[in-house]
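Numbering (my numbering), first residue to last: 2 to 149. Ideal Cβ positions, reconstructed from N, Cα and C, are used throughout, including at glycine. First the structure, in the form of structure tokens, and then the observations on it.
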Amino acid sequence: MLTRRATVITGHRLTGPVAALAALLFACPTVEAGPPTETLRVVLAQANAVLVAPLTKDRPAQRFTEVQRLFNGVFEFRGAAAVALGPEWAARTSTEQDEFVRLFADILGRSFVHAVASVTHRDAAVSIRYRGEAADGEAAMVRTAVAG
């Protein structure tokens, strides 16, 4: 099993608060093993498939739960949460950190679902373009664009 972890950063062609939240979603996550672009491609394709699946069309909670499960398998929310809080992270108790990570992962998953839903036309899949990857040691940046 490969243990290489890479930070993935993506950009989204969205507007307003959704764009800011969507950018935060991918500002700090990490993915396990393999080329970062390919790992991200697989996870986002699976998430996309969940969001347009006819079987879950009338079950948004089920869609969200499945997307969150996919994200939990590849994104390291604790590290992203620590970066998001900056120096305040160290001042928090372990219990507070755990609660923040849970809430942080929840809001990021919901923002992805909302971002995809905002550019998806009816039940059509969203288009995700991979615009480049740059790696530096264990860190990598994957640039993407999301459009309906």
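| Query | Result |
| --- | --- |
| C-alpha gap between L56 and A92, whole angstroms | 45 angstroms |
| Cβ contact (3+ pairs, closer than 8 angstroms) linking the segment 89 to 103 and the segment 127 to 138 | no |
| Contiguous beta strand (DSSP E) assignments of at least 3 residues, all confined to the segment 65 to 100 | none |
| Other residues of its chain near R42: CB distance less than 7 angstroms, five sequence neighbours each side excluded | Y131 |
| Presumed contact (8 angstroms Cβ cut-off) between V44 and R64, rounded CB distance | Actually they do not touch by this definition, with Cβ atoms about 15 angstroms apart. |
| Rounded distance between the beta-carbons of T38 and V143, thought under 8 angstroms | 5 angstroms |
| C-alpha gap between F72 and G87, whole angstroms | 22 angstroms |
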